[in-house]
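To start, the structure under review is shown below, and the notes come after it.
There are 4 protein chains.
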Amino acid sequence: MKVLVVGSTGYVGMMLLRILSSHPEIDAIVPVSRSAAGKRLREIDPALGPAIEPLLAGTDGRLVSLEGASPESADVIFSALPHGAAAALVGPFVGTTPVIDLSADFRITSLERYEAVYATKHPYPELLDRAVYGLTEWHREEIATAAIVACPGCYPTATLLPLLPFTDIVRTPAIVNALSGISGAGRKEKQDLLFNERSENANAYNPGRAHRHVPEIEQELASLEILFTPHLVPLKQGMIVTTVAELSRDISQDEAEQRIRDAYEGSSFVGLSPRGIPQSRDVRNTNRCDIGVRVHGTHIELFSAIDNLYKGAAGQGVQNMNVRLGLPEHLGLRAHGEF
Amino acid sequence: MKVLVVGSTGYVGMMLLRILSSHPEIDAIVPVSRSAAGKRLREIDPALGPAIEPLLAGTDGRLVSLEGASPESADVIFSALPHGAAAALVGPFVGTTPVIDLSADFRITSLERYEAVYATKHPYPELLDRAVYGLTEWHREEIATAAIVACPGCYPTATLLPLLPFTDIVRTPAIVNALSGISGAGRKEKQDLLFNERSENANAYNPGRAHRHVPEIEQELASLEILFTPHLVPLKQGMIVTTVAELSRDISQDEAEQRIRDAYEGSSFVGLSPRGIPQSRDVRNTNRCDIGVRVHGTHIELFSAIDNLYKGAAGQGVQNMNVRLGLPEHLGLRAHGEF
Amino acid sequence: MKVLVVGSTGYVGMMLLRILSSHPEIDAIVPVSRSAAGKRLREIDPALGPAIEPLLAGTDGRLVSLEGASPESADVIFSALPHGAAAALVGPFVGTTPVIDLSADFRITSLERYEAVYATKHPYPELLDRAVYGLTEWHREEIATAAIVACPGCYPTATLLPLLPFTDIVRTPAIVNALSGISGAGRKEKQDLLFNERSENANAYNPGRAHRHVPEIEQELASLEILFTPHLVPLKQGMIVTTVAELSRDISQDEAEQRIRDAYEGSSFVGLSPRGIPQSRDVRNTNRCDIGVRVHGTHIELFSAIDNLYKGAAGQGVQNMNVRLGLPEHLGLRAHGEF
Amino acid sequence: MKVLVVGSTGYVGMMLLRILSSHPEIDAIVPVSRSAAGKRLREIDPALGPAIEPLLAGTDGRLVSLEGASPESADVIFSALPHGAAAALVGPFVGTTPVIDLSADFRITSLERYEAVYATKHPYPELLDRAVYGLTEWHREEIATAAIVACPGCYPTATLLPLLPFTDIVRTPAIVNALSGISGAGRKEKQDLLFNERSENANAYNPGRAHRHVPEIEQELASLEILFTPHLVPLKQGMIVTTVAELSRDISQDEAEQRIRDAYEGSSFVGLSPRGIPQSRDVRNTNRCDIGVRVHGTHIELFSAIDNLYKGAAGQGVQNMNVRLGLPEHLGLRAHGEF
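Chains as they are written, first to last, in this note's numbering: chain V, 13 to 351; chain H, 13 to 351; chain F, 13 to 351; chain D, 13 to 351.
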């Protein structure tokens, strides 16, 4: 199988290359980059070992432009571009080749809402209804035949997985506090992402309803609203979400845990943490989402941990590729975290 | 002036020594330690520069036992011991010498609640009503004449300072999420405090009503209850608290900000952040608490940042000493954070 | 294939479990622990995902004591114990089952030197000549039939791989400066390994000829001596070694690079860095050693980067297992670092 | 006293503002910035507390352009600009107002060497001999009357202080390995200074004789040459230097230590570490340089620790200001590190 990765030099693209190059069903990878076409991939990303070279035989080890990539011959196209750019580039291939999109361009089903939130014109509005929201554990069947899989953002993934099993019994709004590693902000040359500005530093930002991921989360939650406060903490990779909501009816601790077990029965990657409350290192460099739940009388509290670049982006993308191509869902995805 | 510091080898004691040795009114410091009596302080704590030596002339540069410390000659006694031990040691001096206690032993006014929360007998229950809760900005007058100043914990300090100006207009419970640097857990030789266990790691713990600081916080809040979720993040020093509460009546953004300004008018250390939402580095190694506030329609959200060892412990202790001894409140305390 | 891992709860053992559980030829893992026998492995090490459970079927997911481990039925025994303890435990199986020892017990061929350096009696001195030094790239043939593979320490691995190709043309002593991540010090509950003591901190220690790894390194270098200065830096995993030595004859930059290429031709894991000078992240969580070399007129300078727990311990152990059992040397070992 | 700080928004300028605003002899600070003139300083640098406002009364709390700064009325001018820009800006004031320059522009006495190393024309070559090299402990007398104090770089400071007392008895070249925190690279928006690129990462760079600080160091060492290898490690602030050199005559450990004591007798900031080998945290946020020395038979090894932004830049600048203005050398400078 041959895969195209459009946007190979950002953190999500780099993680994709790592996962795909260890995937047992992938024979060829075509790394596409606008800015670095023509350069040797291992010079751009020296942490890739020589073992990736055979997979890059088709491009002689180099990044290529989209034009040079023969996208029509690919079995699947991954897009790891910024919003706007992603839709513009993959649009022409939709319907011909399965597209796994890691941008925001096909996540929001309402055109008006998308254009309001992202302050841009959508280049292919007619494709919005060809896309399926790629929160794998909740949309497997539709993903299996989708033209476009619109993979969720990291915040929505970590927020929705613990919360979806409880939407029928919590009152609006749920109070969501999220802690993200710095790679979630991308590989941008911005002063406030420098080591010296983030080391020994933590802060909240864009609170309430200001973060772009709020509409995406609420779209999946139906009538439940959230107050969402993201925080940056000095992790490279990792995300923790803590959600508190008032219950509309009593539930026992056992029943709450059982809801998680039931929702994710048979899942390779999502389930209750052996710790009770998960830690971000437990799932670093894995496709897992570890969950915890505590009932405090009138309120319920939910905990989740993911790796924002893995289950929150590239890993879930590959999981969706597996589902879309009829492969075992867990194939090629890491299961053991760090310590 | 001569000060005794009982418990000089933990993080709070070490921070106290740094602050006191730069304080313009302190002539002599007597560092007391049970475990390290007789050793040279600068060998135990090599980051102290030679400039501290003249202040230690009375003990020849050494740590001493309490017996060898001539506590009766001190102008003030600081206790930076674990709970239980603190009360037992300083009890005999109460009423004779002003005591600034940084433990939990005199924070909770109810004996039964103290003994339940800390699972220990209080050695001097008769002294509980001699203590004043040392949240300086809210109890200056009582602190000025107190026999014991019971300095707040770091979580209560960072939670109460932004929340107290709003207790009349928020509904119970307030949802409090706190992020703490690792030094908040003390200098214990525990596996889960090792660099390798905390680097690239973040997690919630003791959520809901399980943390020992909840009764202390609620005692100051009168009838308002909280759901409190502390998190550990890989900072050495620093604390961020984010609180969301439902409003019982409408309030504008301007009015909310004005409440903070009014509450802390004339304060050297507490006020609105120039950023809107504060960052932990802004107040690292300072006695400041920077505050932010956002009104989201039906709910209010409060943000605060402190250094858990400084304003959250040793710095507030010295601030209370200044108040107790009639010195300018800001004397010897740092005002500028890191960048 | 069934493998025993003796010492499963330290960092090296934990890394071994991760590698072995993704190894395509391993069917069963028996995790042995003295201190935690009887406990469920995933409760002790929650970052292990549920995917490890089938491999642990023989122990019902639990750690077992050595007595309960049926070591005679294993295809290979890994020892990740402290020195002294390792030899005592694996001694009885030597000659029956291949032993991959990650301790120092069989690295030093001279009994007197071992006992002097480690200040202990060797429990099985008669086995010293049954052991082969497991620096894979230099001793493949002997490893393939060894009763015991004595895997090198992390400092020796990172020092020897770049230096061995030049021993004929450098003068004694070579000046070796090594930077290690904190996990190199093990999972000990020691104050100076706490997050708060190592974050924002770096220092040299045990310089000159004082570190225990010096005799091990010099044993492989024959007549070349070293002055070795290790440093601790705030990395979780990672090691950088910089070596400067005077040349005994001229060599060009090209010739120097060619020596590295020749020495590691066909090697899956060791070679010149695409960067020129490697970075520790390039090889994090991989079995690689990336090398750089610079000729400065009269002197040569060598650079290397490894992951101290992977190529410097568990990964090289599995590489040696592969060689010992006639499997492809790279099997189950990661090749791509972080970014 | 009134001081001008030209270049107030880089890390060195920000550190200068912190030190100067706590200095007992400073009444007024004029913060100068080309890029941010007109903006409120506390909005640009929110970690500065309200306590700085009275010192900024002359500019109404704002950054100003050089033209608006009335530099002729200042008692001293600090320049914290990049090389080239620094000389161009402060040139006109030399001889009128004492200039403390923290750039490289006046460090190298040879015009040709300066222009070769920095690949730029010097805008005021005629001023080169008006400058004194500001390694305070070695040039106090000349600094006291200098028109320009050319403050050393951080690498030269940490290399020279331990090495200068031994230049008469070591053979060339000395092998110098330096570890620097990331702030040493400045506040540049460069991809390789992002948190995600530096966290969990360490590497050597520009080794041998390639780093721009080599000529500056060798100028002070007279006939001794160095091979200098800088490394980046994930510290925000901090620097460790380890130097190994062959001895030209025997020296005992005691004699070596005594040389350090003699060289720095009476110094407030430089001396032997109580630890033997210093750690970077010992001197974080201080003006100290802690030193260690070990004699290994034929070779000597030297260790030093500084804060690269404090003693390595802004702190030494203020120390030089104190000397130049006849104030006590230690005034306003911190002496106690972190723990």
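Every residue, glycine too, gets a C-beta built ideally from N, C-alpha and C.
In this text, all values refer to a predicted model and were calculated from it rather than measured experimentally.
Whole-angstrom distance between residue j and residue i, CA atom to CA atom
i: Asp1 (chain F); j: Ser82 (chain F); result: Residue 1 (chain F) lies beyond the residue range present for chain F, which begins at 13 and ends at 351; the question has no answer from this structure.
i: Ile187 (chain F); j: Ile229 (chain F); result: 13 Å
i: Pro58 (chain V); j: Leu147 (chain H); result: 53 Å
i: Glu37 (chain V); j: Met13 (chain V); result: 6 Å
i: Leu314 (chain D); j: Val161 (chain V); result: 60 Å
i: Glu350 (chain D); j: Trp150 (chain D); result: 27 Å
i: Leu123 (chain H); j: Ala170 (chain F); result: 60 Å
i: Phe240 (chain D); j: Ile252 (chain F); result: 16 Å
i: Gln203 (chain V); j: Arg210 (chain D); result: 14 Å
i: Val282 (chain H); j: Ala63 (chain D); result: 12 Å
i: Val331 (chain H); j: Glu55 (chain F); result: Residue identity check: residue 331 (chain H) is Gln in the sequence provided, not Val. If you take the alpha carbons of Gln331 (chain H) and Glu55 (chain F), they lie about 45 Å apart.
i: Arg152 (chain V); j: His243 (chain V); result: 31 Å
i: Gly196 (chain D); j: Ala216 (chain F); result: 20 Å
i: Asn334 (chain H); j: Pro340 (chain H); result: 6 Å
i: Met26 (chain F); j: Gln328 (chain F); result: 14 Å
CB contact flag (residue i, residue j, <8 Å)
i: Ile288 (chain F); j: Gly304 (chain F); result: The sequence given here places Gly at residue 288 (chain F); Ile does not occur at that position. Yes, they are a contact pair.
i: Cys166 (chain H); j: Ala347 (chain H); result: no
i: Leu247 (chain F); j: Ile318 (chain F); result: no
i: Arg296 (chain D); j: Gln249 (chain D); result: yes
i: Phe118 (chain H); j: Leu139 (chain H); result: yes
i: Leu172 (chain H); j: Glu258 (chain H); result: no
i: Gln291 (chain F); j: Asn189 (chain D); result: no
i: Val24 (chain V); j: Leu78 (chain V); result: no
Simplified DSSP state of residue i, which is helix, strand or coil
i: Met251 (chain V); result: strand
i: Val106 (chain H); result: coil
i: Glu82 (chain V); result: Before going on, a small fix: residue 82 (chain V) reads as Ser here, not Glu. Of the three classes helix, strand and coil, the one that applies to Ser82 (chain V) here is coil, per DSSP.
i: Arg221 (chain D); result: coil
i: Ala131 (chain V); result: coil
i: Gly283 (chain D); result: strand
i: Thr298 (chain H); result: coil
i: Val245 (chain F); result: coil
i: Phe207 (chain V); result: helix
i: Leu172 (chain V); result: helix
i: Ser9 (chain D); result: With chain D represented from 13 up to 351, any question about residue 9 (chain D) goes unanswered, as that position is not in the structure.
i: Asn332 (chain F); result: helix
i: Arg74 (chain D); result: strand
i: Ala63 (chain V); result: helix
i: Ile289 (chain H); result: coil
Which residues DSSP lists as bridging residue i, in chain order
i: Thr148 (chain V); result: Paired residues: none, contrary to the question.
i: Glu258 (chain D); result: D:His311
i: Cys163 (chain V); result: Answer is none; Cys163 (chain V) lacks a bridge partner.
i: His305 (chain F); result: The residue asked about is misnamed: residue 305 (chain F) is Val in this sequence, not His. Answer by DSSP bridge pairing, in chain order: F:Leu314.
i: Ser91 (chain F); result: F:Val18 and F:Asp113
i: Val182 (chain H); result: H:Leu259
Supposed close pair residue i, residue j - CB separation, criterion 8 Å
i: Asp294 (chain F); j: Ser316 (chain F); result: Contact doesn't hold; Cβ gap of about 11 Å is too wide.
i: Leu191 (chain D); j: Val256 (chain F); result: With a Cβ gap of about 15 Å, Leu191 (chain D) and Val256 (chain F) do not count as contacting.
i: Val42 (chain F); j: Leu16 (chain F); result: 5 Å
i: Pro219 (chain F); j: Arg306 (chain D); result: 6 Å
i: Tyr130 (chain D); j: Ala116 (chain D); result: 6 Å
Contact test: residue i Cβ vs the ligand ZN heavy atom, cutoff 7 Å
i: Ile38 (chain D); result: Ligands are entirely absent from the displayed structure, and the ligand ZN is therefore not among its contents.
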